[in-house]
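Have a look at the structure below, then the notes.
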Ligand SMILES: [Zn+2]
């Protein structure tokens with residue numbers, strides 16, 4: 001039975017049912033990382049919210065086709081990767097230096113997602129693999145009169161698109177017609193024509209194009225990859241609230257300018273994260289990556305839970321106290337699971353207030369799904385689980401649940417774990433951990449990070465896991 005789900009749509013500013021374009025299937029595009037540094041927990045909050053979104057649709061009975069791009073050419077990547085190269089470096093050397101930096105941080109990023117039990121996307125395109133598609137898209141916009149060339153760069157003419165500003169709800173009066181901006185990131189008070197293709201500057205890697213050597217702007221990357229891999233109509237496009245303007249506004253301009261019809265039905269954005277009530281900043285000493293927290297002994301799944309137990313559209317105040325509360329909440333669910341996995345003890349006789357556990361279970365399931373269906377209301381969904389735990393623990397103390405009742409409760413825990421990925425069956429827990437480490441090792445090898453690959457192999461060995469590298473390049477494993 002497929003559950004209908006509603007989400008807040010930034011376009012309309014209303015919670016609206018998601019009606020799939022193709023029956024039973026959701027196409028989902030999420031803006032991926034710009035791979036020049038470690039992701040911080042603010043970035044990871046967005047990826048964890050998107051994982052929750054994807055898993056909720058899957059658990060509700062939909063097939064999800066998910067595309068997440070890897071931005072591996074962009075202003076900051078070029079700044080950081082080219083700093084040590086001599087002025088006379090060849091274009092090939094410049095590309096190699098950029099690739100070395102982005103391969104390294106792509107592998108690290110995928111490893112972090114694995115540690116957090118984030119499901120991998122079906123498509124994980126790198127921007128540099130889609131340069132011809134980007135050039136074709138810019139050409140199509142030129143043909144439609146929505147792009148113009150100036151000094152080897154190509155700009156989008158925002159005055160040419162009536163719906164420009166629809167996502168960020170911009171006041172069209174305030175737009176500066178004719179002015180243009182070259183930077184990928186800018187503020188909404190300087191709404192101007194934006195760059196699609198940037199003419200090469202000295203010291204930058206470049207590609208040949210009909211406009212001379214250059215490189216894509218950041219915004220065109222997502223439009224080109226999204227349309228190429230998910231098609232001309234997409235159910236859901238998502239990112240952090242900081243991407244609404246200019247990035248997503250400009251994606252709409254590019255894609256809809258080319259297609260001539262609506263591209264994405266639902267735009268869904270996750271809120272910021274604060275740390276102990278303050279904006280996260282390196283200068284304040286409250287800037288954390290996943291690795292920083294793991295080094296302090298934080299369980300990554302407790303971090304996952306701490307983030308996902310807050311509603312995605314509320315600013316999250318991350319704190320170490322909150323992490324401890326998350327650890328305790330998880331302990332409670334896991335202890336209950338263990339109790340239900342046991343045989344149960346003979347009860348102390350009839351209990352006057354006893355209710356049929358299956359009735360309570362049914363109430364909990366309904367409460368869980370109506371909360372998740374209402375814009376992913378995780379605090380309420382989790383409250384339904386904790387109410388069930390209190391009720392059934394009390395009941396089990398008096399009259400032990402039968403084997404079949406326990407089985408039904410465990411099935412519900414599996415159903416909810418498919419969404420939260422935090423209270424698996426213990427055997428499944430080990431399996432998930434091992435699979436995560438194997439995936440991380442594969443990513444490390446792909447990124448030629450041999451030291452990391454060896455470290456992961458040793459970690460698996462210490463867990464008593466024997467790896468079997470197969471001829472086809474995949475890896476199997478067994479317990480020693
Ligand atoms: Zn994007």
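In the UniProt record's numbering, the protein residues as written are 1 to 480.
C-beta atoms are modelled at their ideal positions from N, C-alpha and C, and glycine is treated no differently.
Everything numeric in this text was worked out from a predicted model, so none of it was measured.
Point to revise | residue 479 - partner residues in DSSP beta bridges | key: 465
Check your understanding: Along the chain, where does the beta strand (DSSP E) that runs through residue 26 open and close?
Key -> Residue range 25-30 is occupied by the beta strand (DSSP E) that includes residue 26.
Review point. Who are residue 278's beta bridge partners in DSSP?
Key: Partner(s): 275.
Review point. Can you find at least 3 beta carbon pairs, one from the segment 38-45 and one from the segment 262-279, that sit closer than 8 Å?
Key: Counting Cβ pairs under 8 Å, three or more are found: they touch.
Exercise for review: May I have the straight-line CA-CA distance separating residue 5 from residue 383, to the nearest angstrom?
Suggested key: Here the C-alpha atom of residue 5 lies approximately 19 Å from the C-alpha atom of residue 383.
**Study point:** the segment 143-163 in contact with the segment 98-112 per 3-pair CB rule at 8 Å
**Key:** no
Practice item. Tell me whether residue 407 counts as near ligand 1, meaning its Cβ is closer than 7 Å to at least one heavy atom of that ligand. Key: no
**Study point:** Buried versus exposed call for residue 81 [16 or more other C-beta atoms within 10 Å across all chains shown]
**Key:** buried
Check your understanding: What's the C-alpha gap between residue 38 and residue 210?
Key -> 35 Å
Check your understanding: Taking residue 54 as the reference, which of 130, 421 and 126 has the closest Cα?
Key -> Ranking 130, 421 and 126 by Cα distance to residue 54 puts 421 first.
Point to revise | For residue 209, three-class secondary structure by DSSP | key: coil
Point to revise | Inter-residue Cα distance where the pair is residue 22 and residue 377 | key: 25 Å
Exercise for review: Examine the Cβ distances between the segment 112-119 and the segment 286-300 and report whether three or more of them are shorter than 8 Å.
Suggested key: yes
Review point. Which residue from 405, 299, 169 and 93 puts its Cα closest to that of residue 359?
Key: 405
Check your understanding: Mind checking whether the beta-carbon of residue 239 lies closer than 7 Å to any heavy atom of ligand 1?
Key -> It does: the Cβ of residue 239 is within 7 Å (strictly closer) of some heavy atom of ligand 1.
Exercise for review: Flag residue 247 as yes when its Cβ comes closer than 7 Å to any non-hydrogen atom of ligand 1, and as no otherwise.
Suggested key: Because some heavy atom of ligand 1 lies under 7 Å away, the Cβ of residue 247 counts as near it: yes.
Check your understanding: Who are residue 238's beta bridge partners in DSSP?
Key -> 30 and 268
Review point. Can you round the beta-carbon distance between residue 193 and residue 183 to whole angstroms, since I take them to be within the 8 Å contact cut?
Key: That belief does not hold up - the Cβ atoms of residue 193 and residue 183 are roughly 12 Å apart, past 8 Å.
Practice item. Alpha carbon to alpha carbon, how far is residue 317 from residue 281? Give it in angstroms, no decimals. Key: 14 Å
Check your understanding: Quick one: what's got a C-beta closer than 8 Å to residue 62's C-beta in the same chain, skipping five residues either side?
Key -> Scanning its chain for C-beta atoms nearer than 8 Å, with the 5 sequence neighbours on each side dropped, one finds around residue 62 the residues 2, 20, 24, 25 and 26, in chain order.
Practice item. Return the chain-ordered list of same chain residues with a C-beta closer than 6 Å to the C-beta of residue 259, the five sequence neighbours on each side being excluded. Key: 232
Exercise for review: Flag this pair as yes or no: are the beta carbons of residue 330 and residue 301 separated by less than 8 Å?
Suggested key: yes
Point to revise | Contact belief for residue 153 with residue 214 at Cβ below 8 Å, rounded distance in angstroms | key: 7 Å
Check your understanding: Cα-Cα, which of 136, 297, 109 and 166 is closest to residue 441?
Key -> 109
Practice item. Label residue 320 either buried or exposed according to how many other C-beta atoms from any shown protein chain fall within 10 Å of its C-beta, with 16 as the threshold for buried. Key: exposed
**Study point:** From 286, 323 and 73, residue whose alpha carbon lies closest to that of residue 207
**Key:** When only C-alpha atoms are compared, the closest one is 73.
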